[in-house]
Amino acid sequence: MAEGMVAKGLQDVVVDDTWICKIIGDQGKLYYYGYSIHDLAEHCTYEEVVFLLLKGKLPNRAELDQITRELKEARGLPYGVRDVIKSAPKGSIPMDVLRTAASALALTDPKPGDDSPEGRYRKAIRMVALFPEIVAADYRFRRGEEPVASNPKLNHAANFLYLLHGKEPGADAARTMDVALVLHAEHDFNASTFTARVIAATMSDMYSAVTGAIGALKGPLHGGANEGVIKTLLEIGEPANIKPWLAEKFKDKNFRLMGFGHRVYKTLDPRAIVLKKYSEKTGRERGTTKWFEMSNEIEQIMKTREKPLYPNVDFYSASTYFMMGLPPEIYTPIFAVARVVGWCAHVIEQQTHNKLIRPAADYHGEIDKPLPPIDKR
Ligand code: SDX
């Protein structure tokens, strides 16, 4: 790049090779290892996607049984991590608790320094297995309840709902969560994954990389947007308020409508297409389609603006989770429960083909300034 040219926000800058994920932004297409997100969402469980992202191929029946067993065997929150969660001050932000607990996982790993390929795979499985337990333990402590132990009969998604509510979910809710986890599992060089890769590129460990990624995901321009979406819907309140609410907000040119726009997609995010169906379906099952219908009306208004904007993954996940009875403060943690496998896959890829990530900056200050003594400044 020529001197004086700055790629603000690294927009459109290709920073590395990857084999994990492909997004075709102008066509709204997304692939994990070459498989369309629509096929994965329709036909695969989260366990199959975990195998795909960590091994680079879809599992056969025996391999799926094996990884399912590994994930179940890795369940069981270490007491040290449980204590960290329990000792969080009342009112702590759930993403702060998750970030702190993820970091504490390193302290309870029997071999934290093992960064062999087997060691990295084991750590990835451990984090995927334990993230639902961390989020659910925090959720229950906040409600004055003790965490429940994982249910060995249940798959990853159903067990997550079981851990939250202490009772087995219905088949519809379990499948909706499974699809949501598949859809959020991976998304190439998004901000949190890139954060993980920057940390991994120093040859630091997977817990450090994932802990940093959680910090990046928390922001409202990234994974934090799903909580922002439901707050927006609740603030608007009724369908009749949508148009005046949007007109008022868009008077401010810095206003950002949560759940809309994307750095890469210039059309509808394909994950939003799937989640839209689940938002409507969940609404029908729960006897109220109000939040789905309001979301749909906002989508229609936004796409017919002079500069159209389209929903991203965070838009319809919010109304789906809300109608599943899940509280807004855990929407971004749910995103992390799904994305942890994507982060781990990228840490492994980065460290397998490593080069330290250390960009340059365009300095605008002076140089060679005389240094005055302290009493002359
Ligand atoms: C995720 O990167 C990933 O892959 C992320 C993700 C993943 O799976 O990992 O897909 C998950 O993070 C989804 C995005 C969640 N964030 C939000 O929903 C927050 C609202 N969205 C925006 O703030 C914004 O669209 C971003 C942050 C998502 C993208 O930001 P960019 O690429 O820096 O774009 P921008 O903010 O500079 O906007 C470009 C233009 C501007 O207009 P102009 O100045 O050119 O006239 O589009 C407008 C913006 O005003 N715009 C919006 C808008 N998004 C873009 N205007 C109002 N509301 C919005 N949401």
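Those letters in the sequence shown? Residues 12 to 388, per my numbering, in order.
Virtual Cβ for every residue (Gly too), placed ideally from N, Cα, C.
Its chain contains ILE210 as the residues whose beta carbon lies nearer than 7 angstroms to that of SER219, once the 5 sequence neighbours on both sides are disregarded; these appear in chain order.
Per DSSP, reduced to three states, the secondary structure at SER98 is coil, with no helix or strand assignment.
Short note on MET217: C-beta not closer than 8 angstroms to any heavy atom of ligand 1. Buried is the label assigned to VAL285, since at least 16 other Cβ atoms lie within 10 Å of its Cβ. Of the candidates VAL17, MET16, THR29, PRO383, the residue whose Cα lies closest to the Cα of PHE205 is THR29.
Remark: C-beta atoms of THR222 and SER114 approach each other more closely than 9 angstroms. The region 270 to 290 makes contact with the region 306 to 322; the number of CB pairs closer than 8 angstroms reaches 3 or more. The C-alpha of ASN237 lies about 10 angstroms from the C-alpha of ASN323.
Residue range 48 to 54 is occupied by the alpha helix (DSSP H) that includes LEU51. Per DSSP, LEU41 is one residue of the beta strand (DSSP E) stretching across 40 to 43.
The shortest C-alpha to C-alpha distance from ILE345 to any of THR79, VAL24, PRO255, ASP149 is the one to ASP149. Assigned with DSSP and collapsed to three states, PRO339 falls in helix.
Remark: C-beta atoms of THR331 and THR293 approach each other more closely than 9 angstroms.
Shortest Cα-Cα distance from ILE35 to any of ARG297, ALA372, ARG282 involves ARG282.
ASP126 places its beta carbon less than 9 angstroms from that of GLN362. Remark: C-beta atoms of ALA347 and ALA196 do not approach each other more closely than 9 angstroms. Collapsing the DSSP output to three states places ILE35 in a strand.
Going by C-alpha positions, LEU75 is about 11 angstroms away from LYS68.
Per DSSP, the beta bridge partners of PHE271 are PRO322.
Here ASP280 is buried: its Cβ has 16 or more other Cβ atoms, across all protein chains shown, within 10 Å.
Closer than 8 angstroms to some heavy atom of ligand 1: that does not describe the Cβ of PHE142. Between the alpha carbons of GLN22 and ALA224 lies a gap of roughly 19 angstroms. TYR374 and ARG153 have their C-alpha atoms roughly 47 angstroms apart. By the criterion of a C-beta distance shorter than 6 angstroms, ILE48 is surrounded in its chain by LEU41, PRO281, once the five residues flanking it on both sides are discounted. Within the same chain, Cβ atoms closer than 6 angstroms to the Cβ of LEU367 are found at ALA212, the five residues on either side in sequence being excluded. For the pair LYS101 and SER161, the CB atoms are not nearer than the 9 angstroms cut-off.
In this structure, DSSP gives THR29 a state outside helix and strand, which the three-state scheme calls coil. With a cutoff of 9 angstroms on beta-carbon distance, GLY234 and SER203 are scored as near each other. Excluding five sequence positions before and after VAL193, the CB atoms of its chain that fall closer than 7 angstroms to its own CB belong to LEU51, ALA52, CYS55, TYR57, VAL60, given in chain order.
In the DSSP assignment, PHE152 falls within the unbroken alpha helix (DSSP H) covering 128 to 153. A check of alpha carbon separations from ALA168 across VAL159, ALA184, LYS178 identifies ALA184 as the nearest. Judged by DSSP secondary structure, GLU58 falls within the alpha helix (DSSP H) whose first and last residues are 57 to 66. The straight-line gap separating the alpha-carbon atoms of ARG131 and PHE261 is approximately 46 angstroms. Counting along the chain, LEU172 sits inside the alpha helix (DSSP H) bounded by residues 167 to 176.
At the C-beta level, LEU109 and VAL146 come within 9 angstroms of one another. Contact between LEU64 and ALA356 holds: CB atoms are separated by about 4 angstroms, below the 8 angstroms threshold.
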